[in-house]
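Peer 1:
In my numbering, the protein residues as written are 17 to 169.
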């Protein structure tokens, strides 16, 4: 958990993200201690974006299991995973599919953001930045995507 003091975000500092996630298919297999999340996303590079920019996705409190782009498993040197983000170093140009599989622990989530357990009930809180605790994503309000979600338990 990040204990640093929150920093303000000002509208005057706004810069459009170089990528846009257009569509997301979530497949969530619930388990109190290890929920598996598979996120399949269609990603498009913005027309004005530099073609050499990496894809940086927000993410916290999850275990990265695998990353595929256009059906191909990425080797570990093709991405950088930190406590706050997943960076795809050299993504394909223009339009591509990325599939990210992660594991999260709802029973240990005390932040009350993302997916957590409360009195044996699964709960979610994704605003303002809670979705990044479910899967890696461009977790900001200007990225509007169409979601399809399947939850099994």
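Beta carbons: idealized from backbone N, C-alpha and C, even for Gly.
1. Leaving out five residues on either side along the sequence, give the residues of the same chain with a beta carbon under 8 Å from the beta carbon of residue 119.
2. What are the start and end residues of the beta strand (DSSP E) that includes residue 78?
3. Would you say residue 133 lies against chain D (beta-carbon separation less than 8 Å)?
4. Can you check which of these residues, 167, 100, 113 and 37, is closest to residue 158 by C-alpha distance?
5. When DSSP builds the beta bridges, which residues end up paired with residue 39?
6. From residue 28 to residue 156, what does the alpha carbon distance come to, in whole angstroms?
7. Given residue 71, which residues of its chain have a CB within under 6 Å of its CB, disregarding the five upstream and five downstream residues?
8. Which runs of the beta strand (DSSP E) spanning at least 3 residues fall entirely within the stretch 106 to 144, listed in chain order?
9. Look at the alpha carbon of residue 130 and the alpha carbon of residue 23, and state the distance between them as a whole number of angstroms.
10. DSSP three-state call for residue 45: helix, strand or coil?
11. Grab me the residues of residue 110's own chain with a C-beta within less than 6 Å of its C-beta, minus the 5 sequence neighbours each way, in chain order.
12. Between 46, 40 and 99, which has its C-alpha nearest residue 115's C-alpha?
13. Could you check the C-alpha separation between residue 102 and residue 73 for me, to the nearest Å?
14. Rounded to whole angstroms, what is the Cα-Cα separation between residue 45 and residue 98?
15. Quick check on this structure: which residue in 76, 84 and 33 has the alpha carbon closest to the alpha carbon of residue 67?
16. Going by C-alpha distance, which of 100, 58 and 91 is nearest residue 145?
Peer 2: On the basis of the coordinates in this document:
1. By one-based count along the chain shown, residue 119 stands at place 103. Closer than 8 Å at Cβ, skipping near neighbours: 50, 51, 52, 53, 78, 79 and 81.
2. Taking the first residue of the chain shown as position 1, residue 78 is located at position 62. Unbroken run through residue 78: none, as it is neither H nor E.
3. In the structure shown, chain D cannot be found, because there is only a single protein chain.
4. Numbered from its first residue, the chain shown carries residue 158 at position 142. Comparing Cα positions, the closest option is 37.
5. Translated into the one-based positions of the chain shown, residue 39 becomes position 23. Answer by DSSP bridge pairing, in chain order: 58 and 162.
6. Translated into positions along the chain shown, residue 28 becomes position 12. Translated into positions along the chain shown, residue 156 becomes position 140. Roughly 16 Å separates the two Cα atoms.
7. Within the chain shown, numbered from 1, the residue matching residue 71 stands at position 55. Around residue 71: 35, 104 and 107.
8. 111 to 120, 130 to 134 and 137 to 141
9. Working through the chain shown from its first residue, we reach residue 130 at position 114. Working through the chain shown from its first residue, we reach residue 23 at position 7. If you take the alpha carbons of residue 130 and residue 23, they lie about 20 Å apart.
10. Within the chain shown, residue 45 is the residue found at index 29, counting from 1. Reduced to three states, the DSSP call for residue 45 is strand.
11. Taking the first residue of the chain shown as position 1, residue 110 is located at position 94. For residue 110, where only same-chain residues beyond five positions count, the Cβ hits under 6 Å are 61.
12. The residue labelled residue 115 in the question sits at position 99 within the chain shown. Ranking 46, 40 and 99 by Cα distance to residue 115 puts 40 first.
13. For the purposes of this step, residue 102 is identified with residue 86 of the chain shown, where counting begins at 1. For the purposes of this step, residue 73 is identified with residue 57 of the chain shown, where counting begins at 1. Distance between the alpha carbons of residue 102 and residue 73 is about 5 Å.
14. In the chain shown, counting from the first residue as 1, residue 45 sits at position 29. In the chain shown, counting from the first residue as 1, residue 98 sits at position 82. Each residue's Cα considered, the two are about 24 Å apart.
15. Numbered from its first residue, the chain shown carries residue 67 at position 51. For residue 67, the nearest C-alpha among the options comes from 33.
16. Numbered from its first residue, the chain shown carries residue 145 at position 129. Checked all of 100, 58 and 91; the closest Cα to residue 145 is 100.
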